[in-house]
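S.K.:
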Amino acid sequence: MFKMIFKDSLCCLAVLAVFMSFAAGCSAQQSNPEIKKGVVLTEGMIVSGPDEVRGKMLGELGKWFVAGADGEIMLTADAPNGRYNIHWSVNCPAGAKALEISADLLKHNQNQGNSLSASCDGGETWQQMGSNTPKSWVWEKIKSDLLVLSAPPEGKILIRWGFNKPHDGNIWRVGIQNIKIEVGDEEAAIARYREPAAVGLPQRLDPRIAKKPWTSKLEIKDNMMLKDGKPFFPIGFNYGVVDRDLAQVKAMGCNALTYDVGWRECPKPGIVGEEAFERYINLVRNAAKWDVVYFPILAGHYVPGWFLKEHDSNKEFPLGSDGKKTGHWMKYSLHYEPFREHVVNYWKSVMPVLEKESNIMATSFWNEPSYGGSWAWSDQFGDYRPYAIDDYREHLKKKYNSLATLKRAHRQSYTSFETLQPPRKPDEFGRVAWLDWMEYGQEYFADFYNWEREVIHSVAPKARLNNKKQTNIWDNSTASSGTNWHLMQESEDIFGINAYISSVFAARNIFDGARSYANGKPVVVFETNAMPPNADARTADVVRCQLWAQILGGARGVFLFMFNADRQHGLVSDTSVKPEVRPEYVRFTSTISKHQRQLASPHVPARIAVIYSTPAALQYPDNTVPKNVIGAFNMFRNSHYQTDILPSERCTPEGLAEYELIVLPSYCILKKPEIKAINGFVAKGGKLMSFAKSLATDEYLNTIKPLKFQGIETRSEPIGGRTDQELSWVSPKLAPYEVAEATVTGIEKVSQIANDPAKIIQGIAIEAKQKGTVLVMNRDSYAAILLAPGDNVVYCAFESNYSPEIRGLVEGITREYLGIKQKVRMTRDEMVDPGIMTSLRQDYKDPDRRYLLVMNTKHRPRTLELELDTGWKIEREYFHGLDALGYNPQGESATVRLPKREVFLFELIK
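Going by our numbering, 238 is the number at position 257 of the sequence shown; the sequence numbering is gapless.
1. So, under 8 Å CB-CB, residue 825 and residue 888 are touching, yes? Tell me the CB distance rounded to an integer number of Å.
2. Just the C-alpha distance for residue 79 and residue 71, rounded to the nearest angstrom, thanks.
3. Leaving out five residues on either side along the sequence, give the residues of the same chain with a beta carbon under 6 Å from the beta carbon of residue 186.
4. Only counting the same chain, and skipping five residues up and downstream in sequence, which positions put a Cβ closer than 6 Å to that of residue 681?
5. Can you confirm whether the stretch 418 to 434 touches the stretch 460 to 468 when touching is taken to mean that 3 or more C-beta pairs between the two stretches lie within less than 8 Å?
6. Could you tell me which residues DSSP pairs with residue 895 in its beta bridges?
7. When we look at the beta-carbon of residue 717 and count the other beta-carbons within 10 Å, is it buried (16 or more) or exposed?
8. Round the Cβ separation of residue 517 and residue 882 to the nearest angstrom and send it over; I've been treating them as touching at under 8 Å.
9. Exposed or buried, which one is residue 396 when buried takes at least 16 other CB atoms within 10 Å?
10. Run through DSSP, which three-state label would residue 276 get?
11. Please return the same chain residues whose Cβ sits closer than 7 Å to the Cβ of residue 213, not counting the five positions on each side in sequence.
12. Quick check on residue 126: does DSSP put it in helix, strand or coil?
13. Taking Cβ to Cβ, would you say residue 448 is nearer than 8 Å to residue 430?
14. Determine the burial state of residue 99: buried for a count of at least 16 other Cβ atoms within 10 Å of its Cβ, exposed for fewer.
15. Taking the straight line between their C-alpha atoms, what separation do you get for residue 513 and residue 183?
16. Am I right that residue 877 and residue 849 are in contact with their C-beta atoms under 8 Å? What's the rounded C-beta distance?
17. Between the alpha carbons of residue 498 and residue 626, how many angstroms are there, rounded?
18. Residue 565: buried (16+ other C-beta within 10 angstroms of its C-beta) or exposed?
19. Counting only the same chain and skipping the five closest in sequence on each side, list residues whose C-beta sits under 7 Å from that of residue 520.
20. So, for residue 5: in the same chain, excluding its five sequence neighbours on each side, which residues have a beta-carbon less than 7 Å away from its beta-carbon?
21. Report back the beta-carbon spacing between residue 843 and residue 809 to the nearest angstrom; my notes put them in contact at under 8 Å.
22. When the distance is taken between beta carbons, is residue 508 closer than 8 Å to residue 219?
23. From the DSSP output, which residues share a beta bridge with residue 478?
24. Can you list, in chain order, the residues of its chain with a C-beta nearer than 6 Å to that of residue 816? Leave out the 5 residues immediately preceding and following it.
25. Going by Cα to Cα distance, which pick from 454, 482, 336 is closest to residue 443?
26. For a quick check, are the C-beta atoms of residue 733 and residue 750 less than 8 Å apart?
27. Taking one C-beta from the stretch 541 to 557 and one from the stretch 584 to 604 each time, how about it: are there three or more such pairs within less than 8 Å?
28. Could you tell me which of 126, 118, 276 sits nearest to residue 107, measuring between CA atoms?
29. Does the stretch 612 to 627 come close enough to the stretch 775 to 790 that 3 or more CB-CB pairs lie under 8 Å?
30. Give the list of continuous alpha helix (DSSP H) stretches no shorter than 4 residues that lie fully inside the stretch 218 to 292.
31. By DSSP's criteria, residue 625 is part of a beta bridge. Which residues make up the other side?
32. Can you give me the C-alpha to C-alpha distance between residue 712 and residue 479, rounded to a whole angstrom?
33. CB residue 672 to CB residue 699, shorter than 8 Å?
34. Spatial neighbours of residue 752 within its chain, please: CB distance less than 8 Å, with the 5 preceding and 5 following residues excluded, ordered by chain position.
35. Return yes when the Cβ of residue 60 is within less than 8 Å of the Cβ of residue 553, no when it is not.
36. Would you kindly work out how many angstroms separate the C-alpha atoms of residue 162 and residue 428, rounded to a whole number?
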């Protein structure tokens, strides 16, 4: 047994010794006289830590350690801050294949680690022996096996005690005692090693068989992640970095891992050497032996103590419009110059080290970067720190050149650039000032990551990069910095987001949006799990449908949060996941692992795009824009059309030319160049569908007249102010698509009414005139949906709120009048079933092969007709088999019976 002893706990450490003994009768012990007489702990080396201690023996550091009566060590409060790694080199008994290592550990901080690890390959890889759980002030015994898979270098094993003492925490109260090492039985150790981490998980892999040298090549080519030239869909977890965790997730089919490498690894200012990241690189290299692809995260929010000491994060955080901190993961304002000056050295230090590791696919810039609109605080808008405002003033100088020009544009009586303030509410200084401020915030925020990319590529030119964006663009916090996905994706090679979404359709929609904004780049969700985060809510079908919906939307990589015992999200915690549900997670990960080609292949290009107006989203700081965009989007997507969400910034002649039909949802705003591009698109025969209040104002909310290319000459308030009405008549061509009588909101009058308003009473015929063909009338018997002359422009005189009834009519118009039919359609009684979710992929090599991913979201089975594009047929179904689905081919269609709440993958050939 190791025993750490001090003669005087308040004075310098006189003698500190570690005694090691092995089980009586062990022949290996007999041949180890050095072990028998013990190892002196004063020879233990602090291999990483603060400058004051790094490279020194423990015997030199008695003033920062206190010895208890039972020989335990406790770190003192005044010890230097930083991450400590203390190594002891111990002779390994000759021929030993397994050792049992145990110790008692103590800590008091739920968010930091205190652990014991061991290495039998000279420190290249480490096996964790154990660490403290989140319990407070309790000595915990940890015990684990160290598998000696090959002869240790020079016959030595290394033992490492690691912990972090932050500047702003009480983790200094850590302790260790009673370290023991005994020779174990190899087969018994392997059996214990392979025990599942929790009930419901498969047996861990045998490391003697599974671990091999990494030989693969990773690349991104033609917007696809490839491993050894084949499509690669990363599937894995956050955390779970130690050897036994890797053995578990590999048994589940996982092939990737994402984990933080924090700025706090830098022990001092300036460029630091590779040794600062040795611990992390050892994790990356050990994952490579398990054939696991790594995705590091540059965790800039893990700030080193030396910087925190000089720069108070409680004074320099980004400041919202309400005077409170904004940006959950932003300890410092991105405008704060000392932060920018020092964090750049972190990037320059760590990225050349990461670039050398061949099992790293891409590295994340940041975790959930945003401020002025994190999920629960939607009205903070931006960073109002004085130095942020100073930079905004410089921006205005460049944009307007003179104060006089600025005053005219903003219609404000500013006295100087130096004294003007940004608005804290949309109407405070007028809508021109508001849009200037909001657009500046989004551009500055995105430019920070463009700058980070430039810095990284100056030292690691081959590094592939991504971010971990939030989903604010789809909720009430869209009007803020960090939410412009179009700008944020410019710095990325992989479009990365985090998403926790309990709605199956909302999950699909958000990832369809991500796929659209990604501009062809692969979309990876770096954090996700089924919601809400508790075991009772996470039934097997909830897990299945919520996670697969993200892939149906567009995800081509998924990292589950997380592999540990966290009570809300941890896979191995029974409060997070019930044992009987864990096999569903295994099914999810292993299914993806087995179908890499099909799921990593890109989507069939969409022919329909719904415009997401960035100016409108900034001018309406609520859910007005997301609600109406998603409403219009669902009318097509739930009709089984492949559909994109096109940011207004891409409304260019080139961007629009990729589509047959452009959809303008309610409250859509476009700037003059974008309006000109839409006009040109329609003039060349492009199809357009607009909804009420689309292009009703300019970007400053000034009312504009109806635009000719929308197919209407007038729009005004409805007769009698009846903005909510039923649609009472549909054209004969649309009758087969009518689900039921539809009710719509936000009705506009786009017809010329000849009647004298004073004489309009109930029962009087309405004399309505308009150019074009009326496809649908409202209850008051004038046009609700109008097809303009030329038959390529449709105007819907109501808001783009989704309903199943409107979906049916929009599908009928798109098929029967605009001539755009689905590539795949699943119907029941000759009508699309909107509860069936579809996603069509094109094989990455074979143009005559497609993959149809389908989900029955309903809680009952559905017998459906699967209609295919001309010339295509079903070859097979991968997840269940065609026979199990009652497959019955009928020409270019077939009937299938889909079990409830299930997912299916069909292969189509031409």
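Idealized CB from N, CA, C, for every residue including glycine.
M.R.: Result, derived from the coordinates:
1. About 14 Å separates the two Cβ atoms, so there is no contact after all.
2. So the two alpha carbons sit approximately 14 Å from each other.
3. For residue 186, where only same-chain residues beyond five positions count, the Cβ hits under 6 Å are 228, 231, 232.
4. Taken in chain order, the residues that qualify are 412, 413.
5. Three or more Cβ pairs drawn from the stretch 460 to 468 and the stretch 418 to 434 lie within less than 8 Å of each other, which places the two stretches in contact.
6. Residue 895 is absent from the structure shown; the chain starts at -18 and stops at 891.
7. Exposed: under 16 other Cβ atoms inside 10 Å.
8. Not quite, the Cβ-Cβ distance comes to about 17 Å (not below 8 Å), so this is no contact.
9. When all chains shown are included, residue 396 counts as exposed.
10. Three-state DSSP puts residue 276 in a strand.
11. Taken in chain order, the residues that qualify are 206, 207, 577, 581.
12. Reduced to three states, the DSSP call for residue 126 is strand.
13. Pairing residue 448 with residue 430 gives a Cβ-Cβ distance under 8 Å.
14. Its Cβ being crowded by 16 or more others within 10 Å, residue 99 is buried.
15. The alpha-carbon atoms of residue 513 and residue 183 are separated by roughly 25 Å.
16. About 12 Å; that fails the 8 Å criterion.
17. Those two C-alpha atoms are separated by around 7 Å.
18. By the neighbour-count rule (16 or more Cβ atoms within 10 Å), residue 565 is buried.
19. Excluding residues within five positions, the ones whose Cβ falls inside 7 Å are 562.
20. Note that residue 5 scores 32 on pLDDT, short of 50, meaning its location in the model is unreliable; the coordinates nonetheless yield the value given after this. Cβ-Cβ distances below 7 Å link residue 5 to nothing in the same chain once the five nearest sequence neighbours on each side are left out.
21. Sure, about 6 Å apart at Cβ, within 8 Å.
22. Closer than 8 Å, so yes.
23. Residue 478 has 450, 506 as its beta-bridge partners, per DSSP.
24. Once the five neighbours on either side are set aside, the close Cβ partners of residue 816 are 838, 839.
25. Across the set 454, 482, 336, the C-alpha of 336 shows the shortest separation from the C-alpha of residue 443.
26. Going by C-beta atoms, residue 733 is nearer than 8 Å to residue 750.
27. The stretch 541 to 557 and the stretch 584 to 604 do not touch, with fewer than 3 CB-CB distances between them shorter than 8 Å.
28. Of 126, 118, 276, the residue nearest in Cα terms is 126.
29. With the cut-off at 8 Å, the stretch 775 to 790 and the stretch 612 to 627 touch.
30. The qualifying runs are 224 to 232, 259 to 270, 286 to 291.
31. For residue 625, the pairing in a beta bridge is given by DSSP as 590.
32. Rounded to whole angstroms, residue 712 and residue 479 show a C-alpha spacing of 45 Å.
33. Going by C-beta atoms, residue 672 is not nearer than 8 Å to residue 699.
34. Excluding residues within five positions, the ones whose Cβ falls inside 8 Å are 692, 694, 769, 770.
35. No, the pair does not count as a contact, with Cβ atoms beyond the cut-off.
36. Their Cα atoms are separated by approximately 53 Å.
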